[in-house]
Ligand SMILES: NC(=O)c1ccc[n+]([C@@H]2O[C@H](COP(=O)([O-])OP(=O)(O)OC[C@H]3O[C@@H](n4cnc5c(N)ncnc54)[C@H](O)[C@@H]3O)[C@@H](O)[C@H]2O)c1
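In the working numbering, the protein residues as written are 132 to 459.
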């Protein structure tokens, strides 16, 4: 197939592009390099079935041109991260809604299948666990608290996907749960695993926000990509899937594991959320996916245990730091 990947130089996107090429597809990668890096595509930049285009999904005419003769679009481009959400809400709202609307509007007349990268954040602060795709309620905070703008923008993107789906566009929504692995950059965007690993490798303090008893289900990138590619199956059309793993880890456990797996002497310290992200910032205590729908429909079975994924990720960061590529 001929496939367009927006945000293909990003963390998930670059692994996805590599795997699609391995499977024999032709891939066009579109990325504005706002958080992605061309270097993440080093191994495939000259692949005969791959073209990299430096540009934005906000550029309709470019997008229109790149979609020509494509069979599928993986729309991964997004403005994300806790810090962006809190400090740059307009960038988050416009960057997510305008780009997704462009992709869907331009894919629609051609009936080009769109696989859209959404997030577990759309479940908001629902306390009913595990999160199932067919929950009838989402629980989100106030609109004057920027913390909720990313979840709301992605939820509106999902509405757009299903509205076009009703009109006959083949579309699949994928809700990711804390993907991690090599190339997840951006300490400045509040992602916990890169931040902890970089601190551990430098023997600097590993700083936990809050009391560390909040938990997440960390999904290794290989499993994330497997689940995403499985959505090429027509059975996935007009459907939403949780793509994650159901192994629950608290942030305290994560910090200890990273410290021990990287043989670090880092001290573990604590910092109040309110000082990191401002008063009123709400962090979810728990977020656990119900992945039975993806298992049954897509034959998606995540297999990488946290320790194994962390070891592979730590090794990547070790090399990254050694070669002076630390992207802070
Ligand atoms: N990593 C996770 O755990 C996670 C969780 C939930 C959802 N997601 C979603 O998965 C997708 C990929 O996330 P990621 O973690 O790889 O983040 P990332 O920041 O590494 O990737 C996003 C990519 O999109 C690019 N980009 C941003 N705006 C663009 C635009 N207008 N045009 C072209 N490129 C643009 C960035 O340069 C970057 O390469 C995003 O849609 C994100 O919302 C990720």
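For every residue, glycine included, the Cβ atom is placed at its ideal position computed from N, Cα and C.
Taking 7 Å as the line, does the beta carbon of residue i fall inside it for any heavy atom of ligand 1?
i: residue 231; result: no
i: residue 226; result: yes
i: residue 187; result: yes
i: residue 161; result: yes
i: residue 207; result: yes
i: residue 251; result: yes
i: residue 165; result: yes
i: residue 309; result: yes
i: residue 137; result: yes
i: residue 248; result: yes
i: residue 140; result: yes
With DSSP run on the structure shown, which of helix, strand or coil describes residue i?
i: residue 303; result: strand
i: residue 403; result: coil
i: residue 132; result: coil
i: residue 322; result: coil
i: residue 313; result: coil
i: residue 278; result: helix
i: residue 337; result: strand
i: residue 374; result: strand
i: residue 257; result: coil
i: residue 459; result: Caution applies to residue 459, whose pLDDT of 38 falls short of 50 and renders its modelled position unreliable; the value that the coordinates give is listed next. Looking at residue 459 - three-state DSSP - the assignment turns out to be coil, as it is neither helix nor strand.
i: residue 347; result: strand
i: residue 422; result: coil
i: residue 397; result: coil
i: residue 162; result: strand
i: residue 252; result: helix
i: residue 434; result: coil
i: residue 185; result: strand
i: residue 270; result: strand
Please identify the residue among the options whose C-alpha is closest to the C-alpha of residue i.
i: residue 188; options: 135, 358, 212; result: 135
i: residue 211; options: 356, 291, 443, 251; result: 251
i: residue 432; options: 440, 439, 423, 438; result: 423
i: residue 138; options: 253, 284, 270, 246; result: 246
i: residue 149; options: 357, 214, 331; result: 357
i: residue 370; options: 297, 343, 389, 219; result: 297
i: residue 208; options: 394, 190, 322; result: 190
i: residue 310; options: 272, 322, 287; result: 322
i: residue 375; options: 352, 169, 363, 368; result: 352
i: residue 179; options: 170, 152, 169, 192; result: 152
i: residue 243; options: 414, 201, 453; result: 201
i: residue 186; options: 206, 205, 177, 164; result: 164
List the DSSP bridge partners of residue i.
i: residue 330; result: None, per the DSSP bridge assignment.
i: residue 244; result: 203
i: residue 178; result: Note: residue 178 sits in no beta bridge, so no partner.
i: residue 262; result: 420
i: residue 293; result: Paired residues: none, contrary to the question.
i: residue 380; result: 347
Does the contact criterion of 3 or more C-beta pairs under 8 Å hold for the stretch 331 to 343 versus the stretch 395 to 404?
yes
Given 8 Å, three or more beta-carbon pairs between the stretch 184 to 199 and the stretch 159 to 172
yes
Just checking, does the stretch 359 to 377 make contact with the stretch 297 to 315 on the three C-beta pairs under 8 Å criterion?
yes
Is there contact here, the stretch 233 to 247 with the stretch 218 to 225, by at least three beta-carbon pairs under 8 Å?
With fewer than three CB-CB distances shorter than 8 Å, the stretch 233 to 247 does not count as touching the stretch 218 to 225.
Given 8 Å, three or more beta-carbon pairs between the stretch 375 to 393 and the stretch 432 to 443:
yes
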